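Going by the numbering used here, the first residue of the sequence shown is number 1, and it counts up by one from there. Glycine included, every Cβ here is placed at the ideal spot set by N, Cα and C. On a predicted model such as this, the values are computed, not experimentally measured, just so you know. Okay, structure first, notes after.
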Amino acid sequence: MADPSPASIAHRLEREFGADRVVHASDDRLANYARDEGYEGPYPPACAVLCESAEEVAAVLARAERERVPVTPRGAGSGMTGGCLPIHGGIVLSTERMQSVREIDEGDLVAVVEPGVITGEVQRRAEAAGMFYPPDPASLAFCSIGGNAATNAGGPRAFKYGVTRDYVLGLEVALVGGEVLRVGRRTTKGVTGYDLVGGFVGAEGTFGVITELTLRLLPNPPAVSTLLCAFPDMDTAAGAITALMGDGVRPRALEIADRSAIDHVRHRTRYAFPTGAMAIALIELDGDPEGLEATSIRVGERCEDAGAIDVRVAQSSSERRSLWDARRAISPALKEAHRHKISEDICVPRSALPEMLRRIGQLAAGTDIETATFGHAGDGNLHVNLLIDQDRHEPRVADRIHQTVTRLFEETVALGGTLSGEHGIGLAKRDFMHLEQSPRVLAWQRRWKQMWDPNEILNPGKVLPPRPRVCAE
Ligand SMILES: Cc1cc2nc3c(=O)[nH]c(=O)nc-3n(C[C@H](O)[C@H](O)[C@H](O)COP(=O)(O)OP(=O)(O)OC[C@H]3O[C@@H](n4cnc5c(N)ncnc54)[C@H](O)[C@@H]3O)c2cc1C
C-alpha cells in the first residue's frame, strides 16, 4: 500500500508529471482548491494536479484507484454547492490547463473543445464563425465548459433554448482505473444504444472526468431585443409574467429580481432604476428583425397593462449590456455585502411560480434572516439567497438556517418542484435528497455510481447522502 500522507501523494505525482504540475501543501495556491463559490469548506486537498491531456487525467485516475486515494475533479471552481471540494482530502484534479478549442465546424454545426475552456470563450468562438452556443450561465465569464457539462448548467436562455445537456452530443471521459471512453456522437440525431452522455452530464464528476466535449451549435439568431420592466412589487411582476405566457410569447430569457436583490445593485449599475421599482423583469427576445420589433412592442405594452411602472427597451448593444450587467451584478453584490450568502436554486413548474414567490415572501417574513430572490422566471427557477451577517457556525444561527432551507425545500417539493434547477446537489444539498426522492430511487442511483466507481474514490461524498447506518439492535 502506498504511503497515504499528503506529502507523499504530492511527491509521487510530482515524479510522474513534473513539479510545475503539482500544487502541494507548502504552496499558498493550494488554498484556491479548498473552496468554490458556495459556502462549504474550506477542504484542503493533499495536493492539486494540473492535467494537460486526457492521458494525464487517465494516469491520475489509474494511480488514485491503485493507491485508493480520493480524487476530486475541478473545472473553474465557480460551483455553488461544494461539488469540487475534496471533502476527504486526496487529489484535486484540475482541468484549468485544458483550454484548447479543437474545432468549430460550420457545416456540421459542432464545436469540439477541451473541458477547461471558459464558457464565454466557447460562445465567442462560435459567434465569430456565425454560430450560436445558447447555454449562458451567469458565471460564463469564469466557469468552464467541462464544469457546465458536469453540473448540466442552465442559464437565462434555458427558457427557449434548453440547458447544457441539450447541447452535448458526445464526450470523451476518463474513468476510475484509467480507461478512456468515447460516448455519444457528432450528429444531432442518434439513438444507438443507451444514452451514456445523458448519464455523465449532470453526474457532478462522480462517474468520470470529462476530457473532451462535442457540442451542438445553432445558427446565430439574426436579431435580439432586450427589455427591462420595473414593477411596484413582486406579485405584479409575477402577474405580468403569467400574462405574457398566456399570450404565447416565447422570450429567450425571462428573468426577475425582488426588491432586496435590486436594493443591492440600485446605485452600482449604469441602468438607473426608477423610483418605486421594487421588482424587475428582464425580457429578451430573438428572431427575424421585422417580427421582433412588433413582438417587443407587444411585450412592453402587456407589461404596462399588467402594472409595470417603467419599460426600457435597449436601443443599442451597449444599452443591452448595461441591462444585463444590472442583472448579473446581483449575485456578486449580495456576496460582497454579507458575511455569508447561502444561495438555493429551487425550481417549480411554471404555473406554480406566483404561488412559490408568495410562499418565499411568507417564509422570509417569518424568520429574521434577510433574503433576496432573483432568477429565471421563465423556467420557474429561483435563486433564493439567505443573507447572514452573524457567524453561520454559531449553533442558533446554524439551526435557523437549516430550518429555513428545509422549509424552502418542503414548499418547493409540495408544489411539484425540485431542489436544484441548475447548481446541482454537490455537498450542500445531498442531505436533503430524501425530501424529493424515494429511498428506492436513491438506492438505484447508488448502484449506478458503484458501477463506475466501485471503491468510491471519485469525488466521494457528493450528490448522494451518506449511506444509512445499519443499526445492530
Ligand atoms: C456569480 C455566479 C453565477 C452563476 N450562475 C449560474 C447560472 O446561471 N447557471 C448555472 O447553472 N450555474 C451558475 N453558477 C454556478 C456555476 O458557475 C456552475 O455550476 C458551473 O457549471 C460550474 O463550472 P466550473 O467549471 O466552475 O465547475 P467547478 O465548480 O469546478 O465544479 C463543479 C462540479 O463539476 C465537476 N467537474 C468540473 N469539471 C469536470 C470535468 N471535466 N469532468 C467531470 N466533472 C467535472 C466538479 O467535480 C464539481 O462536482 C453561478 C456561479 C456564480 C459564482
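Close-in-space but distant-in-sequence residues of the same chain around residue i (CB under 8 Å, 5 per side omitted)
| i | result |
| --- | --- |
| residue 161 | 134, 135, 218 and 252 |
| residue 392 | 39, 339, 340, 342, 398 and 401 |
| residue 215 | 110, 111, 112, 113, 122, 133, 145, 167, 168 and 169 |
| residue 184 | 168, 169, 170, 171, 190, 196, 197 and 214 |
| residue 96 | 50, 74, 75, 76, 116 and 144 |
| residue 52 | 21, 97 and 98 |
| residue 238 | 256, 353, 354, 357 and 377 |
| residue 346 | 356, 381, 382, 384, 408, 409, 412, 417, 418, 419, 420 and 421 |
| residue 188 | 109, 169 and 216 |
Under 9 Å between C-beta atoms of residue i and residue j
| i | j | result |
| --- | --- | --- |
| residue 254 | residue 262 | no |
| residue 279 | residue 257 | yes |
| residue 480 | residue 265 | The structure shown has nothing for residue 480, since the chain only spans 1 to 473. |
| residue 415 | residue 355 | yes |
| residue 179 | residue 212 | no |
| residue 22 | residue 49 | yes |
| residue 138 | residue 132 | no |
| residue 75 | residue 37 | no |
| residue 83 | residue 41 | no |
| residue 155 | residue 344 | no |
| residue 427 | residue 87 | yes |
| residue 223 | residue 292 | yes |
| residue 484 | residue 141 | This structure does not reach residue 484, given that the chain is present from 1 up to 473, and the question cannot be answered. |
| residue 249 | residue 295 | yes |
| residue 181 | residue 225 | no |
| residue 235 | residue 302 | no |
| residue 321 | residue 374 | no |
| residue 268 | residue 329 | yes |
| residue 54 | residue 203 | no |
| residue 7 | residue 25 | yes |
Proximity winner among the options, relative to residue i (alpha-carbon distances)
| i | options | result |
| --- | --- | --- |
| residue 205 | 393, 248 and 459 | 459 |
| residue 364 | 189, 454, 403 and 183 | 403 |
| residue 65 | 236, 208, 320 and 341 | 208 |
| residue 195 | 431, 168, 175 and 420 | 168 |
| residue 243 | 336, 123, 269 and 307 | 307 |
| residue 56 | 203, 176, 155 and 129 | 176 |
| residue 107 | 287, 260, 247 and 186 | 186 |
| residue 417 | 451, 352 and 289 | 352 |
| residue 362 | 250, 225 and 407 | 407 |
| residue 245 | 298, 221 and 234 | 298 |
| residue 336 | 389, 350 and 317 | 389 |
| residue 85 | 35, 467 and 451 | 35 |
| residue 290 | 221, 7, 19 and 386 | 221 |
| residue 386 | 394, 395 and 405 | 405 |
| residue 58 | 157, 25 and 210 | 210 |
Same chain, Cβ closer than 6 Å to residue i, neighbours up to 5 away in sequence not counted
| i | result |
| --- | --- |
| residue 33 | 45, 48 and 92 |
| residue 15 | none |
| residue 277 | 230 |
| residue 2 | 67 |
| residue 472 | Caution is warranted here: a pLDDT of 40 is assigned to residue 472, below 50, making its placement in the model unreliable, and no coordinate value can be reported. |
| residue 378 | 159 and 254 |
| residue 104 | 111, 125 and 129 |
| residue 17 | none |
| residue 425 | 463 |
| residue 13 | 22 and 49 |
| residue 451 | none |
| residue 325 | 269 |
| residue 453 | 176 |
Sequence-distant residues of its chain with Cβ nearer than 7 Å to residue i (five each side left out)
| i | result |
| --- | --- |
| residue 71 | 60, 61, 64, 90, 91, 93, 457 and 458 |
| residue 11 | none |
| residue 431 | 465 |
| residue 148 | 119, 135, 137 and 164 |
| residue 410 | 435 |
| residue 5 | none |
| residue 461 | 87, 88 and 427 |
| residue 300 | 227, 311 and 313 |
Open item on the list: Under 8 Å, with one C-beta from each stretch per pair, do the stretch 263-277 and the stretch 222-236 reach the 3-pair mark?
Closed with: yes
TODO: Please confirm if the stretch 382-393 is in contact with the stretch 438-446, defined as three or more CB-CB distances below 8 Å between the two stretches.
DONE: no
Open item on the list: Three Cβ pairs or more, each shorter than 8 Å: is that satisfied between the stretch 42-59 and the stretch 90-101?
Closed with: yes
TODO: May I ask you to verify whether the stretch 294-312 touches the stretch 365-372, counting CB pairs closer than 8 Å and requiring at least 3?
DONE: no
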